[in-house]
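Structure, as structure tokens:
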Amino acid sequence: MGELAGRCAVVTGGSRGIGRAVAQALAAAGARVVITGRNAATGAGAVTSITDAGGAAQFVPADQANPADWPGVIAAAEGGEEGFDILVLNAGVSGAGPIGKTTLGMFRHVCDLNLKGAFIGLQNGVAAMRRRGQGGSVVLVASIVGKIGVADHAAYSASKGGLRLMAKAAALELGPEHIRVNSLHPGLIRTDMTAGFDEPSMAALAPLGRFGEASEVAAAALFLASDRARFVTGTELVVDGGWIAR
Amino acid sequence: MSGRLAGRTAVITGATKGIGEAAARLFVREGAAVVATGRDEAAGRALESELTKAGGKARFVQHDVRSEGGWAGVISAAEAFGPLDILVNNAGVFLVKPLAETTEADLDLVWQINVEGAFLGVKHAFGAFARHRRAGAVVNVSSLMGQVGYPGAVAYCASKGAITGFTKAVAIDGAAMSPKVRVNSLHPGVIWTPMITSQFGDDLALAEAFAADTPLRMIGRPEYVADAILFLASDDSSYMTGAELTVDGGRGAD
């Protein structure tokens, strides 16, 4: 029996990349997983990858940043026998460009999806955890770009840095109810988002000398979600091959 | 034997009580062979006997982390089980004393045990990893006080802050080895162990006061920290090095 048996988890942006790996890891640990995303085809693929392995998962088409989509997500999470107490807010978009060429519309697009979307998810997920009254764990998937500056990433940095401190504020507010909130900060991870990156030259940015695998970020998300992290809240977990250590 | 550390060999310093003892128990349960070190021979022998009687691989080696000569014996005790895979630099002393009353001897004691002990551990473990070409993992137990200040803990905060920086430097050195060695630091908040109770007293009312002052409204237990040490020592953190993991119930978030 897995360490998350009897639990239900929601993973936003769970159809691809890091989110998909997180959904797979939580399901492999015994959780029933509700995957959200905007693409039904990739969502179905993520669900199949889990059910084929004997896990329990369903896809709910939803945009993390659209408040109207959340009641359906929460209903799916609360619809089984498992207790909904794990929320991984992973959905996000990248966005690069110099400040002079970043329009306000582009800035809003990145911040709305990454930061405002996570706030909406946090608000809805926490409301459900409070109704149940048995605590929970929320993981905000940020980035090392929410810890250090990267040129030409003003909007993305703002959104990810915002997640880092939103997690701390939420941790302080929700701690008395045993709802833990932490941020996770991946470095360069091999996903669709980094598919166009020049890995042979960029891998050296991390002392470990390679891009990380989505499964390696997922193992960290699983740690934060699980009772192994029952005294961990309001902190930042960096999974970057050592990039920001130097 | 199954478990997250099946087939691995680990050294845990300061393992006769508190966090180190909890880590030794957990590591053995997860399949590791553990050399537990410390200065308290009676407690160490009792732990060794308990773990081996339960079928685990464990050995106590009496050692003061400040003794460089003793480190060779610790490493060879580990290598009697198999090549060294994991070092947990956990041994440490706590001191709360106002700045004006802190003597040079106080500072030296805290520095030598907390920082020089960890330095010697990494130096000898890296040598062992290189000899046997092992992709080792080191966990340096720092403290929340290695990230933020605490009233009257000048020497302790200085030593734990040093561990935070030392960890990042040796993480980069470890990443240059072949195979690569990972080094991360762990930052416990207030954990109810003899280290705390010897300083403040083992008093339920005090424990409750610390809990009330912690966002999660819990007092820290050594087992909670042991789970985090296991995470950093195991393949679960295979893409982490030079990173900090804080286990403090949220105390450091404000």
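Protein sequences, first through last, are from chains S and E. Residue numbering for the first sequence is 16 to 261, as defined by the working numbering. Residue numbering for the second sequence is 3 to 256, as defined by the working numbering. Quick reminder that beta carbons are idealized off the backbone N, C-alpha and C, glycines included.
Interface annotation, K183 of chain S: in contact with chain E, CB-CB separation under 8 Å. Identification of residues in the segment 205-224 of chain E having a C-beta nearer than 8 Å to some C-beta of chain S yields T216, P217, L218, R219, M220, G222 and R223, given in sequence order. Residue state for G52 of chain S is assigned as strand, using DSSP reduced to three classes. If only complete runs of 4 or more residues are kept, the segment 142-184 of chain E shows the alpha helix (DSSP H) at 156-177, in order along the chain.
By the Cβ neighbour-count rule, T118 of chain S is exposed, with fewer than 16 other Cβ atoms within 10 Å of its own. Contact residues of the segment 147-179 of chain E toward chain S are K170, A173, I174 and A177 (C-beta to C-beta distance below 7 Å).
Taking the Cα positions, A91 of chain S is about 35 Å away from A214 of chain E. Annotation: Cβ neighbours of E231 of chain S in chain E (cutoff 7 Å, chain order): S240 and Y241.
Taking a 10 Å sphere around the C-beta of L206 of chain E, we find fewer than 16 other C-beta atoms and assign the residue as exposed. Taken in chain order, the whole beta strand (DSSP E) runs of length 3 or more contained in the segment 135-167 of chain S are 151-156.
With a threshold of 8 Å between beta carbons, V103 of chain S makes no contact with chain E.
Here the segment 227-236 of chain S lies against the segment 20-38 of chain S, with 3 or more beta-carbon pairs under 8 Å apart. Between the C-alpha atoms of V117 of chain E and V124 of chain E there is a straight-line separation of about 11 Å. At a cut-off of 8 Å between C-beta atoms, V249 of chain E counts as an interface residue with respect to chain S. Between the segment 153-166 of chain S and the segment 195-206 of chain S, the count of Cβ pairs shorter than 8 Å is three or higher; the stretches touch. A25 of chain E does not reach chain S, its nearest Cβ partner there being about 13 Å away, counting only Cβ pairs nearer than 9 Å. When rounded, the separation of the alpha-carbon atoms in I65 of chain S and A59 of chain S is 10 Å.
The Cβ atoms of L53 of chain E and E23 of chain E do not sit closer than 8 Å to each other. By the C-beta criterion, the segment 40-52 of chain S is judged to be in contact with the segment 234-242 of chain S, since at least 3 inter-stretch pairs fall below 8 Å. Within the segment 16-71 of chain S, the complete alpha helix (DSSP H) segments of 4 residues or longer fall at 32-43 and 55-66, listed in chain order.
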